[in-house]
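In my numbering, the protein residues as written are 34 to 273. Even for Gly, the Cβ is constructed at its ideal location relative to N, Cα and C.
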């Protein structure tokens with residue numbers, strides 16, 4: 034197969050796009066990551082990575098790059114959100130790592146993204162093309178061609194759409210597809226952990242259950258910050 038035919042275009046240089054590029058690159062497949070931004074720091078808040086995820090990251094050679102910024106919680110503590118009573122505690126930490134063969138980690142999305150960028154920059158098979166926002170796709174024989182608004186082109190044998198919730202690739206390839214509201218809205222915040230009262234200062238994942246809502250919190254940034262996520266039924270501005 035010709036080199037150009039084997040090249041895979043990936044629209045989107047976020048977590049999914051970079052992870053796909055690393056997986057393909059380590060398999061000897063050349064990729065071009067087309068990212069609308071200049072690969073600046075990923076926004077967002079925290080993310081939890083179970084042993085299945087960290088095992089996959091280790092296989093791809095990514096885990097080592099993010100471990101300095103990650104946090105290993107000691108447990109998942111589940112509470113009644115009304116009374117505050119602890120309902121259950123699920124051990125994590127080293128015991129979970131020994132049981133599942135990989136750690137359970139929490140970290141900031143930006144730290145995961147930075148680790149992915151670091152790994153891609155060390156792979157000769159991965160080309161990063163910043164400031165390339167895909168606006169059109171066409172096929173020419175056995176090639177797929179992605180274009181941006183300035184008329185620049187990227188050519189390959191296939192195209193992966195990893196350009197997020199409001200995917201341009203999806204709208205071009207499957208215009209009939211539509212987004213569906215899940216019925217819930219999440220509010221996220223980052224709070225410095227220093228000086229937080231108990232139990233929010235604990236080195237755990239906290240889960241507080243309430244009617245039609247729940248709250249989750251866990252340390253990120255190596256334990257410096259607390260990621261807080263409140264999820265409630267309804268859209269922004271709805272009552273309940």
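*asked:* Once the 5 residues before and after residue 155 are set aside, which same chain residues still bring their CB inside 7 Å of it?
replied: For the purposes of this step, residue 155 is taken as residue 122 along the chain shown, with counting starting at 1. Contacts found: none.
*Starting from residue 125, follow the alpha helix (DSSP H) in both directions and report where the run begins and ends.*
The sequence position of residue 125 within the chain shown is 92, counting from 1. Residue 125 -> no alpha helix (DSSP H), and no H or E assigned at all.
*Pair within 9 Å by beta-carbon distance, residue 98 and residue 159*: Reading the chain shown from its first residue, position 65 is the one you call residue 98. Reading the chain shown from its first residue, position 126 is the one you call residue 159. No.
*Ordered list of beta strand (DSSP E) runs contained in the region 168-236, each at least 3 residues*: 176-181, 186-189, 191-194 and 217-225
*Sort 240, 253 and 259 by Cα distance to residue 113 and report the nearest one.*
Looking up residue 113 in the chain shown gives position 80. The shortest C-alpha to C-alpha distance from residue 113 to any of 240, 253 and 259 is the one to 240.
*Please classify residue 138: is it buried, with 16 or more other beta-carbons within 10 angstroms of its beta-carbon, or exposed?*
Taking the first residue of the chain shown as 1, we reach residue 138 at position 105. Buried.
*Looking only at C-alpha atoms, which of 88, 227, 136 and 202 sits nearest to residue 258?*
Within the chain shown, numbered from 1, the residue matching residue 258 stands at position 225. Comparing Cα positions, the closest option is 227.
*Please report the Cβ distance between residue 218 and residue 261, rounded to the nearest whole angstrom; I am assuming they are in contact, meaning their Cβ atoms lie under 8 Å.*
One-based indexing of the chain shown puts residue 218 at position 185. One-based indexing of the chain shown puts residue 261 at position 228. In this structure residue 218 is not in contact with residue 261, their Cβ atoms being roughly 15 Å apart against a cut-off of 8 Å.
*To the nearest angstrom, report how far apart residue 195 and residue 116 are at their CA atoms.*
Residue mapping note: residue 195 aligns to position 162 of the chain shown, counting from 1. Residue mapping note: residue 116 aligns to position 83 of the chain shown, counting from 1. Rounded to the nearest whole angstrom, the CA to CA distance from residue 195 to residue 116 is 42 Å.
*Which residues in the same chain have their Cβ closer than 6 Å to the Cβ of residue 36, if we skip the five residues on either side of it in sequence?*
Here residue 36 corresponds to residue number 3 of the chain shown, with the count starting at 1. The predicted position of residue 36 is uncertain, since its pLDDT is 48 and thus under 50; no value can be drawn from it.
_Unbroken alpha helix (DSSP H) run spanning residue 258, endpoints_ = As a position in the chain shown, residue 258 is number 225, starting the count at 1. Element bounds for residue 258: not the alpha helix (DSSP H) but the beta strand (DSSP E), 258-266.
*Determine the burial state of residue 230: buried for a count of at least 16 other Cβ atoms within 10 Å of its Cβ, exposed for fewer.*
Residue numbering aside, residue 230 sits at position 197 when the chain shown is read from its first letter. Label assigned to residue 230: exposed.
*If you count every other CB in all the chains shown that lies within 10 Å of the CB of residue 224, and 16 or more means buried, which is it?*
Within the chain shown, numbered from 1, the residue matching residue 224 stands at position 191. If you draw a 10 Å sphere on the C-beta of residue 224, you find fewer than 16 other C-beta atoms in it, and that means exposed.
_Taking the straight line between their C-alpha atoms, what separation do you get for residue 86 and residue 178?_
To locate residue 86, count along the chain shown from 1; it is residue 53. To locate residue 178, count along the chain shown from 1; it is residue 145. Going from the Cα of residue 86 to the Cα of residue 178 covers about 32 Å.
*Between residue 58 and residue 248, what straight-line distance do the alpha-carbon atoms span, to the nearest angstrom?*
Position 25 of the chain shown, counting from 1, holds the residue named residue 58. Position 215 of the chain shown, counting from 1, holds the residue named residue 248. Near 38 Å, if we compare the C-alpha coordinates of residue 248 and residue 58.
*Could you say which of 202, 222 and 250 lies nearest to residue 45 if we only look at CA atoms?*
Walking along the chain shown from the start, residue 45 turns up at place 12. If we check each option's Cα against that of residue 45, 202 comes out closest.
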